[in-house]
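Here the structure comes first, spelled out in structure tokens, and everything after it is commentary.
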Amino acid sequence: MQPSIDIRNVSKSYGGGTAPGGLLALDDVSLQVGQREFLAILGPSGCGKSTLLHVVAGLTPARGELLVHGKNVTGPGLDRGVVFQDYALFPWRTVLDNVAFGLEMKKVPRHMRAAWAYKYVILVGLAGFEDRYPAQLSGGMKQRVAIARALAFDPEVLLMDEPFAALDAQTREILQTELLRIWEQTSKTILFVTHSIDEAIYLAQRVVVMTARPGRIKQIVDIDLPWPRVDSDVRSSRPFALLRHRIWELLAEEVERAQQLASPRDPVPGRGQVAADAVAQEVV
Amino acid sequence: MRGALLRASVALGLLALWEGLPRIGLVNSNFLPPASDVARTLWRLLVSGELLRHAWVSLDRILLGLALSILVGVPLGIFMGSWKTFERTLDGPLQAGRQVSAIALFPVFILFFGIGELSKVVIIFWASVWPILLNTTIGVKTVDPVLIRSARSMSAQGATLFCKVVLPAAAPAIFTGVRLGAAYAFMVLVAAEMIGANSGLGFLVLNSQEVFKIPEMYAAIVALAAFGLGVNKLLYHLERRATVWREAGGT
Numbered sequence: 001m002q003p004s005i006d007i008r009n010v011s012k013s014y015g016g017g018t019a020p021g022g023l024l025a026l027d028d029v030s031l032q033v034g035q036r037e038f039l040a041i042l043g044p045s046g047c048g049k050s051t052l053l054h055v056v057a058g059l060t061p062a063r064g065e066l067l068v069h070g071k072n073v074t075g076p077g078l079d080r081g082v083v084f085q086d087y088a089l090f091p092w093r094t095v096l097d098n099v100a101f102g103l104e105m106k107k108v109p110r111h112m113r114a115a116w117a118y119k120y121v122i123l124v125g126l127a128g129f130e131d132r133y134p135a136q137l138s139g140g141m142k143q144r145v146a147i148a149r150a151l152a153f154d155p156e157v158l159l160m161d162e163p164f165a166a167l168d169a170q171t172r173e174i175l176q177t178e179l180l181r182i183w184e185q186t187s188k189t190i191l192f193v194t195h196s197i198d199e200a201i202y203l204a205q206r207v208v209v210m211t212a213r214p215g216r217i218k219q220i221v222d223i224d225l226p227w228p229r230v231d232s233d234v235r236s237s238r239p240f241a242l243l244r245h246r247i248w249e250l251l252a253e254e255v256e257r258a259q260q261l262a263s264p265r266d267p268v269p270g271r272g273q274v275a276a277d278a279v280a281q282e283v284v
Numbered sequence: 285m286r287g288a289l290l291r292a293s294v295a296l297g298l299l300a301l302w303e304g305l306p307r308i309g310l311v312n313s314n315f316l317p318p319a320s321d322v323a324r325t326l327w328r329l330l331v332s333g334e335l336l337r338h339a340w341v342s343l344d345r346i347l348l349g350l351a352l353s354i355l356v357g358v359p360l361g362i363f364m365g366s367w368k369t370f371e372r373t374l375d376g377p378l379q380a381g382r383q384v385s386a387i388a389l390f391p392v393f394i395l396f397f398g399i400g401e402l403s404k405v406v407i408i409f410w411a412s413v414w415p416i417l418l419n420t421t422i423g424v425k426t427v428d429p430v431l432i433r434s435a436r437s438m439s440a441q442g443a444t445l446f447c448k449v450v451l452p453a454a455a456p457a458i459f460t461g462v463r464l465g466a467a468y469a470f471m472v473l474v475a476a477e478m479i480g481a482n483s484g485l486g487f488l489v490l491n492s493q494e495v496f497k498i499p500e501m502y503a504a505i506v507a508l509a510a511f512g513l514g515v516n517k518l519l520y521h522l523e524r525r526a527t528v529w530r531e532a533g534g535t
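If you read the sequences in order, they're chains A and B.
Residues 1 to 284 in the numbering used here are what the first sequence lists, from first letter to last.
Residues 285 to 535 in the numbering used here are what the second sequence lists, from first letter to last.
Here is the structure:
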């Protein structure tokens, strides 16, 4: 079967590549994501995992080849829906109109848009809130709207860039479970970037662990936990703990390297330390 | 409730002072007639239609000047907010131009456009275009890049991206600019009508003073204040209606 996303030898550099002062963010990344697969990308902060997602979204140009459902990607397109960490909702549009944005882009006739968008408002559990403005919603609800908006124009692939990182722990767990339900209901391919080991294991079928800068694929870990994960307390099971430990060890090396990389010529000083803290928090 | 009571009593107190001080002779009532005299005159001018005639002339000038400012300031601001080079090239002359008082330029405008309506519209334009231009530029420049990226990810670009994202995102700033512009327009309108006009509320103020119709002068001043307040309120409500999503929080 043809892969849903086919990333071939993608490299991305900022400000002159290997030249002094330049920054190599992604170094020869190749990755295939199967149809209807849920794949998580995990790595220390600044490893280029978000850059990779933006490359797949067509928002960031890069070297290499990128195919989505066999078609060459050169820019953004409605075959991919993106969910950002900071929601990125249009504050002047109601929930329903936000969800309908992609439908407008898709040139869906006006009279069909509302009903179509409403279907997705229901899917993400926001029925009754369709006339609210984003300013009237909580963070978790905003992210639900963003997910509905990315799904409404029926893309083949859902790209999610640390979508739950800004939410509190409870909301985050609820939305993770919701996302699994939505994934099963819509059977999309999901590429999910996160810096949380637990989140990656809970959600994904495979977890890609990336190296510190320049970002390469360090290892791909199969998550052979039983499905559905929603009903069982899979997070406290022994296989989950083993996976967590294994991935933590993979990641710890990279965090250490990221720390060493945080030298004076680092454009963002102390970033490595932040990454180490982030992982340390995940582990406790 | 208590706040409203306090506000009302302050307003009433001031009115009482205005009524009382000339009546007991503490202030020369030739220079400041009691409030009731001014109110009576205001009513008379209103009934005779004289006040409305002048107000209409003033409103006409304001609307023309302000419309011209919006027509020039908003598109130019959009250009400046969208293209850095454009903004940097024009920044120097525009900053200098902004510093030149509209009143100082009035003789120049009269020289070029004569003493008629045109020079008045031009001076109002000059005074009100700056806040509109600057606010539009800033509004367009500071559109959240996250929103642009989000719209781009749904393949919005070019004119669509501009109309569906940049413009609505900048709308609150543009509205603020227009409201500021209207306030400035008011100030120079009165000055312009005092310097060279035979109609308008500003003319009515100065002319009444010159022919020593002091209650008329105060009536015209009160009318000017009410007029300005009304225009500001109107713009404020238009702004609220257009940007209802900003106030939406908390309900």
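Heads up, the beta-carbon is just placed ideally off N, CA and C, and yes, glycines get one too.
Chain-ordered chain A contacts of residue 529 (chain B) [CB-CB under 7 Å]
If you number the second sequence from 1, residue 529 (chain B) lands on position 245. In chain order: 91, 92, 133 and 135.
Considering Cα atoms alone, identify which of B:350, B:471, B:510 and B:299 is closest to residue 461 (chain B).
Within the second sequence, numbered from 1, the residue matching residue 461 (chain B) stands at position 177. Considering only alpha carbons, the answer is B:350.
Below 7 Å CB to CB, which residues in the same chain sit around residue 31 (chain A) once its five sequence neighbours on both sides are set aside?
Walking along the first sequence from the start, residue 31 (chain A) turns up at place 31. Cβ within range, chain order: 7, 208 and 217.
Please report whether the beta-carbon of residue 301 (chain B) lies at a distance below 8 Å from any beta-carbon of chain A.
As a first step, residue 301 (chain B) must be located in the second sequence, where it is residue number 17. Answer no: the Cβ-Cβ gap between residue 301 (chain B) and chain A never drops below 8 Å.
Where residue 314 (chain B) falls: helix, strand or coil (DSSP):
Here the question's residue 314 (chain B) lines up with position 30 in the second sequence. Of the three classes helix, strand and coil, the one that applies to residue 314 (chain B) here is coil, per DSSP.
Quick check: the stretch 101 to 121 of chain A against the stretch 32 to 43 of chain A, are there 3 or more CB pairs under 8 Å?
no
DSSP on residue 50 (chain A), reduced to helix/strand/coil?
Working through the first sequence from its first residue, we reach residue 50 (chain A) at position 50. Looking at residue 50 (chain A) - three-state DSSP - the assignment turns out to be helix.
Since residue 440 (chain B) is in the alpha helix (DSSP H), which residue starts that stretch and which ends it?
To locate residue 440 (chain B), count along the second sequence from 1; it is residue 156. Neither: residue 440 (chain B) is in no alpha helix (DSSP H) and is coded neither H nor E.
Residue 93 (chain A), buried or exposed, once every other Cβ within 10 Å from all chains shown has been counted against 16
Taking the first sequence and counting its residues from 1, the one referred to as residue 93 (chain A) is at position 93. Counting Cβ neighbours within 10 Å, residue 93 (chain A) comes out buried, since at least 16 surround it.
Taking the alpha carbon of residue 254 (chain A) as the point to measure from, which residue in A:240, A:233, A:234 and A:219 has its own alpha carbon closest?
Residue 254 (chain A) sits at position 254 when you count from the first residue of the first sequence. With distances taken between Cα atoms, residue 254 (chain A) lies closest to A:219.
Residues of chain A with CB closer than 7 Å to the CB of residue 436 (chain B), please, in chain order.
Along the second sequence, read from residue 1 onward, the residue named residue 436 (chain B) stands at position 152. Correct list: 59 and 76.
Hey, would you say residue 27 (chain A) sits closer than 8 Å to residue 11 (chain A), going by beta carbons?
The residue you call residue 27 (chain A) lines up with position 27 of the first sequence. The residue you call residue 11 (chain A) lines up with position 11 of the first sequence. In contact: residue 27 (chain A) and residue 11 (chain A) (Cβ atoms closer than 8 Å).
Alpha carbon to alpha carbon, how far is residue 194 (chain A) from residue 472 (chain B)?
For the purposes of this step, residue 194 (chain A) is taken as the residue at position 194 of the first sequence. For the purposes of this step, residue 472 (chain B) is taken as the residue at position 188 of the second sequence. Cα-Cα distance, rounded: 58 Å.
Strand pairing of residue 219 (chain A), partner residues [DSSP]:
Looking up residue 219 (chain A) in the first sequence gives position 219. Partner(s): A:209.
Which bits of chain B does residue 153 (chain A) rub up against, with CB to CB less than 9 Å?
Along the first sequence, read from residue 1 onward, the residue named residue 153 (chain A) stands at position 153. Neighbours of residue 153 (chain A) on chain B, chain order: 438.
Whose Cβ in chain A lies nearer than 8 Å to the Cβ of residue 449 (chain B)?
Sequence index remark: in the second sequence, residue 449 (chain B) carries index 165 (1-based). Per Cβ cutoff of 8 Å: 90.
Could you check which residue in B:347, B:305 and B:331 has the C-alpha nearest to that of residue 406 (chain B)?
Here residue 406 (chain B) refers to the residue found at position 122 when the second sequence is read from its first residue. If we check each option's Cα against that of residue 406 (chain B), B:347 comes out closest.
Paired residues, beta bridge with residue 517 (chain B) - DSSP:
Walking along the second sequence from the start, residue 517 (chain B) turns up at place 233. DSSP, once it has assigned bridges, lists no residue as partnering residue 517 (chain B).
Span separating the alpha-carbon of residue 336 (chain B) from that of residue 124 (chain A)
On the second sequence, position 52 is the one that residue 336 (chain B) refers to. On the first sequence, position 124 is the one that residue 124 (chain A) refers to. Cα to Cα, residue 336 (chain B) sits roughly 58 Å from residue 124 (chain A).
Taking C-alpha atoms, which residue in B:511, B:518 and B:527 lies nearest to residue 340 (chain B)?
For the purposes of this step, residue 340 (chain B) is taken as the residue at position 56 of the second sequence. Comparing Cα positions, the closest option is B:511.
Cβ neighbour criterion (16 or more within 10 Å) applied to residue 76 (chain A)
On the first sequence, residue 76 (chain A) is found 76 positions in, with the first residue counted as 1. Buried is the call here.
Classification of residue 47 (chain A) by the beta-carbon crowding that lies within 10 angstroms, buried from 16 upward
Residue numbering aside, residue 47 (chain A) sits at position 47 when the first sequence is read from its first letter. Looking at its Cβ environment, which holds 16 or more other Cβ atoms inside 10 Å, residue 47 (chain A) is buried.
For a cutoff of 8 Å on Cβ pairs, would you count residue 430 (chain B) as touching chain A?
Taking the second sequence and counting its residues from 1, the one referred to as residue 430 (chain B) is at position 146. For residue 430 (chain B), the answer is yes, since a Cβ of chain A falls inside 8 Å of its Cβ.
Let me make sure I understand the geometry here. Which of A:212, A:190, A:211 and A:215 has the alpha-carbon closest to that of residue 203 (chain A)?
Numbered from 1 along the first sequence, position 203 holds the residue referred to as residue 203 (chain A). It is A:190 whose Cα lies nearest to the Cα of residue 203 (chain A).
Verify whether the separation of the beta carbon atoms of residue 427 (chain B) and residue 450 (chain B) is less than 8 Å.
The sequence position of residue 427 (chain B) within the second sequence is 143, counting from 1. The sequence position of residue 450 (chain B) within the second sequence is 166, counting from 1. Yes.
Which residues mark the beginning and the end of the beta strand (DSSP E) in which residue 66 (chain A) is found?
Within the first sequence, the letter at position 66 stands for residue 66 (chain A). Residues 63 to 68.
Using a Cβ cut-off of 8 Å (strictly closer), state whether residue 433 (chain B) contacts chain A.
Residue mapping note: residue 433 (chain B) aligns to position 149 of the second sequence, counting from 1. Cβ-Cβ to chain A under 8 Å: yes for residue 433 (chain B).
How would you list, in chain order, the residues of chain B whose beta-carbon sits under 9 Å from the beta-carbon of residue 84 (chain A)?
One-based indexing of the first sequence puts residue 84 (chain A) at position 84. The contacting residues are 430, 433, 434 and 437.
Which residue from B:480, B:329 and B:308 puts its Cα closest to that of residue 506 (chain B)?
By 1-based counting over the second sequence, the position of residue 506 (chain B) is 222. The shortest Cα separation from residue 506 (chain B) among B:480, B:329 and B:308 belongs to B:329.
Which value, in whole angstroms, describes the spacing of the CA atoms of residue 183 (chain A) and residue 174 (chain A)?
Looking up residue 183 (chain A) in the first sequence gives position 183. Looking up residue 174 (chain A) in the first sequence gives position 174. Going by the C-alpha atoms only, they are around 14 Å apart.
Segment limits, alpha helix (DSSP H) that includes residue 152 (chain A)
As a first step, residue 152 (chain A) must be located in the first sequence, where it is residue number 152. From DSSP, the alpha helix (DSSP H) with residue 152 (chain A) extends over 139 to 152.
Where the alpha helix (DSSP H) through residue 403 (chain B) begins and ends:
Counting from one through the second sequence, the residue named residue 403 (chain B) turns up at place 119. Residue 403 (chain B) -> alpha helix (DSSP H) spans 401 to 425.
Three-state secondary structure assigned by DSSP to residue 277 (chain A)
The residue given as residue 277 (chain A) occupies position 277 in the first sequence. Low confidence applies here, because residue 277 (chain A) scores a pLDDT of 45, under 50, leaving its location unreliable; read the following figure in that light. Helix at residue 277 (chain A).
Show which residues of chain B have a CB atom less than 7 Å away from the CB atom of residue 102 (chain A).
As a first step, residue 102 (chain A) must be located in the first sequence, where it is residue number 102. Result: 438.
Under 8 Å, do residue 158 (chain A) and residue 81 (chain A) count as touching if we go by C-beta distance?
In the first sequence, residue 158 (chain A) corresponds to position 158, counting from 1. In the first sequence, residue 81 (chain A) corresponds to position 81, counting from 1. Contact flag set, yes.
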